[in-house]
Amino acid sequence: MTRRVVFVGNPNVGKSSMFNALLGARTRTMNAPGTTVSITCGQYHYEKPKTAGNAQNWQFVDTPGTYSLAPMSPDEQVAVNALTGMSGMPVPDLAVVVLDATALSRSLYLLSMVVELGLPTVVALTMNDLAVRNGCGVDAERLSHLLDGMPVVAIDGRTGDGGKALTDAIAASFEGTPVPHGLTALPTATADADMKTADGLSVWAESRADARLDWTAGILRGLDMHAVDHVTLSDRIDRVLLHPVIGVLVFLAVLFVVFQATTTLASPMQDWIDVTFRGWCTDGLDLLLGLFGPSVSGGWLRSLLVDGLLDGVVTVLTFIPVMGIMFLLLSILEDSGYMARAAFVMDRAMRALGLDGRAFLPIIVGFGCNLPALAATRTLSDSRQRVLTGMLVPFAACSARLSVFLVLAHAFFPKYAGLVVFLMYVASVMVILLVGVLLRHTMFRGLEPEPLMLALPAYQCPRALQLARSVLLRLWGFIRGASVIIISMITALWLLQGIPVTANAGGFAHVDDVHDSAYGVLADAVAPVFAPAGFDDWHASAALITGFVAKEVVVGSMSQSYHADEPDDAASQQAGEGTLGQKLRASFDQSSHGHGKAAAIAFLLFTLAYTPCLATVAEMRRQFGTKVAARSVLLSLAVAYVIAIIAFQTLRLIW
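Just so we're aligned, residue 1 is where the sequence shown starts under UniProt numbering, counting upward by one.
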């Protein structure tokens, strides 16, 4: 029989590190039933002493961090479900409660609630080395005595030291563990707390909470815990990082480094994947299909495999570098203890949008890539705040849009290209603020953020193994969740481009001019909609349709439709007959009746704000559901259309 052991603890207590140290690579990540919250499971084979019988098989379950069994977020609800067997999750055979020796009072409060469930319970004491350095170390044996014999094992969550002692304690505790006497005496329903009234329930709940705190205080007194009167390293660092002015500047500098590193390091890797992997696979497919003769190697099957399925796979793979680097940098910030400080210093600014400080990070991360930004919204405790933040994230001008900004800025404003690109990012911030205020007073009317209460973890040096594991798990979640939709949509786009609609277009999958395909007809049909914005040209509308799959391909789509080479760099395409820049200027001048620069700005603003890439929509659907994803798509289209029209109609008076 396989026994189920659930690990539970406050956030940032080293629980997941300890879990991974015990299991190594023998884990798998899955969504908890009915949620998008991930839990990690793994099988552990425990060898009993020879005199005690046969070996045992256990299933370890790592849950999201929680401060109590009164959940305030989806992550915390999953932890409660795992302990109680709610929402289709099995009832565990034993709970391992992880206590942080540097914040023992808070951890003991959670322990008091877990013990009440009646589960056999083992205590794992982490971060005791740090507590010793701070002058408040915990004696594990003394703590066990104060808990009336409940097993307490000191373990280093980063190295796994103490893991054998912990598993031995687990094996000896399945039949039951002592319940501390102080917890058996917690207040129950009494005559003076009438359980049939709301006031009575409130009095009863308050009395139990007070009793838990009194019990916790008694344990701390028994351990002779006293206030530490010396200034720790964390205190000295926090004097700078939590300063109302300096802290904000440091946070913005950190995010600038994250953004720059992500875009700078990921770009050459994306190019290598696009060129090398595509080349290898294309050559391999050509070699394989060549075995079946020219009718197959030059037919629609090759086009489907190379231009459809392979293109979709490569698109997914090119996201891996940017996602991986972003996940790595975010994991470093999280594991070091800085992330909680960032939320704290930005809390005041975010309250104008009905959000708390934790919402700032996902939005800023969105300027690098919207995908990890959506995943970061899970840290928000309020469901309406999560949805509002998720709907604002796509308005952050991700790095993929940068290529469009650069090409059009150099084509129309060669002397001021840098300024134009900078203004696009300023516009992105303004759109986020305006849309946030609009949503707060319409769809999210009455949304008021609760006071932000965060436990600031001690600063630590992240471990390379844990960082690698965290990045790989997050990457796999993205690939598993978004790849099928991306590949399917790109294949559908190939189909539209391969269907001829005119007599001289060529055969299926061999259309000579994309304008003569179903895709071109669709672009022609959509183009008049953009007349008020000054770019009612099928080339522009075709690029925008393609950009829904991935913004990175907007420039390539324009190059294909104009029959111009895609520029090696943004500046090189502005001059010369027949270049993309020349054709863009001619096309926009014609469609806008001589107001090409105004139309270019309108196109840039539309690209900035309209529907995010397919991968982002897929992730939004996974996180928030189909209805929210559909509303977000419609909102972004409406906002983009309105600001593009306003920009063109205003700027045409100047240009």
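Ideal Cβ placement from N, Cα and C applies to all residues, glycine included.
Would you check if the distance between the CB atom of residue i and the CB atom of residue j is smaller than 9 angstroms?
i	j	result
L94	V123	no
G14	M127	yes
F412	R652	no
V322	S234	no
L104	V138	yes
L108	T216	yes
G324	V471	yes
residue 729	G65	Residue 729 cannot be examined here, being either before or after the span of the chain that is shown, 1 to 655.
T377	Q623	yes
P457	P11	yes
T262	G368	yes
H541	V549	A small correction: the amino acid at residue 541 is Ser; His does not occupy that position in the sequence shown. Their beta carbons are not under 9 angstroms apart, which means S541 does not touch V549 by this criterion.
L83	L117	yes
A172	V153	no
V248	M391	no
P372	L330	yes
V98	V8	yes
L544	S517	no
I645	P462	no
F648	A599	yes
What number of angstroms, rounded off, separates the C-alpha of residue i from the C-alpha of residue j?
i	j	result
L111	L333	28 angstroms
A375	L125	30 angstroms
I39	T626	23 angstroms
I643	Y425	15 angstroms
D100	Q385	29 angstroms
I320	L475	7 angstroms
V421	F405	6 angstroms
M86	V80	8 angstroms
R4	I364	40 angstroms
G293	V306	17 angstroms
L69	K597	59 angstroms
L433	I487	34 angstroms
S303	R341	52 angstroms
S428	H410	20 angstroms
L241	V407	38 angstroms
A527	Y519	12 angstroms
residue 734	N20	The question about residue 734 has no answer, for the chain in this structure spans 1 to 655.
G576	K583	Summary for G576: the model assigns pLDDT 43, below 50, so the residue's position carries little reliability, and this model does not support an answer.
S483	V553	17 angstroms
P92	P244	45 angstroms
L605	V639	10 angstroms
M150	V258	45 angstroms
G218	D224	10 angstroms
H515	V521	7 angstroms
W280	A266	21 angstroms
L447	S383	11 angstroms
Tell me whether residue i sits in a helix, a strand or coil according to DSSP, three-state version.
i	result
S517	strand
A343	helix
Q270	helix
Y338	helix
V316	helix
S572	In this prediction, S572 scores a pLDDT of 49, lower than 50, which makes its location untrustworthy; the coordinate-derived value is nonetheless stated afterwards. It is helical.
M195	Note that M195 has pLDDT 47, beneath the 50 cutoff, so the model's placement of it is unreliable and the number below is only indicative. M195 falls in the coil class under three-state DSSP.
D62	strand
T502	coil
T190	At T190, the pLDDT of 48 sits below 50, so the modelled position is not reliable; the number obtained from the coordinates is stated separately. Coil.
T546	helix
V91	coil
D161	coil
Y46	strand
V13	coil
I155	coil
L580	helix
Contact defined as beta carbons within less than 8 angstroms: I believe residue i pairs with residue j. What is the distance between those atoms, to the nearest angstrom?
i	j	result
R401	T607	6 angstroms
A609	F395	6 angstroms
L388	F444	5 angstroms
Q220	P180	Rather than Gln, the amino acid found at residue 220 in this sequence is Leu. Contact flag wrong, Cβ pair sits at about 14 angstroms.
A55	Y46	6 angstroms
L317	I246	Actually they are not in contact, since the Cβ atoms of L317 and I246 sit about 41 angstroms apart, beyond 8 angstroms.
L301	L287	Not quite, the Cβ-Cβ distance comes to about 14 angstroms (not below 8 angstroms), so this is no contact.
If you measure from the beta carbon of residue i to each beta carbon in chain B, is any gap under 9 angstroms?
i	result
M225	The chain labelled as chain B is not found in the depicted structure, where only one protein chain is given.
The segment 309-316 in contact with the segment 354-363 per 3-pair CB rule at 8 angstroms = Counting Cβ pairs under 8 angstroms, fewer than three are found: no touch.
Below 8 angstroms, can you find three or more Cβ-Cβ pairs linking the segment 590-598 to the segment 534-545?
-> The answer is yes - the segment 534-545 touches the segment 590-598, with three or more Cβ pairs under 8 angstroms.
If we count Cβ pairs, one from each stretch, closer than 8 angstroms, do we get three or more for the segment 156-164 versus the segment 205-225?
-> No, the segment 156-164 does not touch the segment 205-225.
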